[in-house]
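Accompanying notes for the structure given below.
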Amino acid sequence: MACADLIVTTPEKWDGVSRSWQQRAYVRQIGLIVIDEIHLLGEERGPVLEVLISRANFIASQLCQPVRLVGLSTALANAGDLAAWLRVPISGRCDALISLGCAARGLFNFRPSVRPVPLEVHIQSFSGIHYCPRMATMNRPIYQGDLPISMSHLQPLLSCKAAYSTRYQHLFLLPKI
Numbered sequence: 001m002a003c004a005d006l007i008v009t010t011p012e013k014w015d016g017v018s019r020s021w022q023q024r025a026y027v028r029q030i031g032l033i034v035i036d037e038i039h040l041l042g043e044e045r046g047p048v049l050e051v052l053i054s055r056a057n058f059i060a061s062q063l064c065q066p067v068r069l070v071g072l073s074t075a076l077a078n079a080g081d082l083a084a085w086l087r088v089p090i091s092g093r094c095d096a097l098i099s100l101g102c103a104a105r106g107l108f109n110f111r112p113s114v115r116p117v118p119l120e121v122h123i124q125s126f127s128g129i130h131y132c133p134r135m136a137t138m139n140r141p142i143y144q145g146d147l148p149i150s151m152s153h154l155q156p157l158l159s160c161k162a163a164y165s166t167r168y169q170h171l172f173l174l175p176k177i
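Note that UniProt numbering has the sequence shown beginning at 1, numbered continuously upward.
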C-alpha cells in the first residue's frame, strides 16, 4: 500500500490499519479522506466512522499537516451539526486553514432546484408509541388510495421502514399504476 496513490477500503479495514499509524508511513501521508454515506454515523457502523474521523483529525494535529475530509451523503437534517463536528467552517474563513495557505470552502449542499428533473417532496408524519399500530396507521393511506400525490403522471417513491411493508405495498400498488 505504501506505493499506492489511492486506497479504497471499508471503514472496518481502515480502522485496523490506521490504529498503528505511527509505524505506517503511508497512513501518515494521507491528505484526503472521502467518506461515502456519512449519514450512517447514526447507524450500526457509525461508531467505526466516528473513530476514523476522530483519528484522522488527531493524526493531522500530531503531525501538523492538514487532512481534508469529504463526506458524501443523502439529505441531512443536521448538516450544520455534522459540519461543526468535522471542524468545517460554515461561513467565512478558518484561521487554521488560512495559516496553511488554503481558503476555507466549508459546507456545500445541493439544493433540490439543482436537479435536472424537478423533485416534489411530500413528507407525512404519524404519531404512535407502539410499533404495530403505528405501522398500520402509516400503511393505511396507501391501501385506501388516499395518497397525497396523483400516481398517473408522476414516478412516486414511497419510503417504507420495513422490507416486508415495501413488498406488500408494491404488490398492492402495481395493478393501480
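By construction, the Cβ of each residue, glycine as well, lies at the ideal position given by its N, Cα and C atoms.
DSSP on residue i, reduced to helix/strand/coil?
i, result
"Val8", "coil"
"Val117", "coil"
"Ile59", "helix"
"Val17", "helix"
"Ala104", "Low confidence applies here, because Ala104 scores a pLDDT of 46, under 50, leaving its location unreliable and the question unanswered by this model."
"Ile129", "coil"
Taking the beta strand (DSSP E) that residue i falls in, what are its first and last residues?
i, result
"Ile30", "Ile30 -> no beta strand (DSSP E), and no H or E assigned at all."
"Val70", "68 to 71"
Just curious, the alpha helix (DSSP H) that residue i is in, first and last residue?
i, result
"Gly80", "79 to 85"
Confirm, please, whether the CB-CB distance from residue j to residue i is below 9 Å.
i, j, result
"Ile30", "Ile53", "no"
"Val17", "Val8", "no"
"Val70", "Asn57", "no"
"Asp36", "Leu72", "yes"
"Val34", "Pro11", "no"
Does the ligand SAH have even one heavy atom less than 8 Å from the beta-carbon of residue i?
i, result
"Pro66", "Looking at this structure, you won't find the ligand SAH or any other ligand, since it has none at all."
Closer than 8 Å by C-beta to residue i: which residues in its own chain qualify, once you throw out the five before and the five after it? Chain order, please.
i, result
"Gly46", "Leu40"
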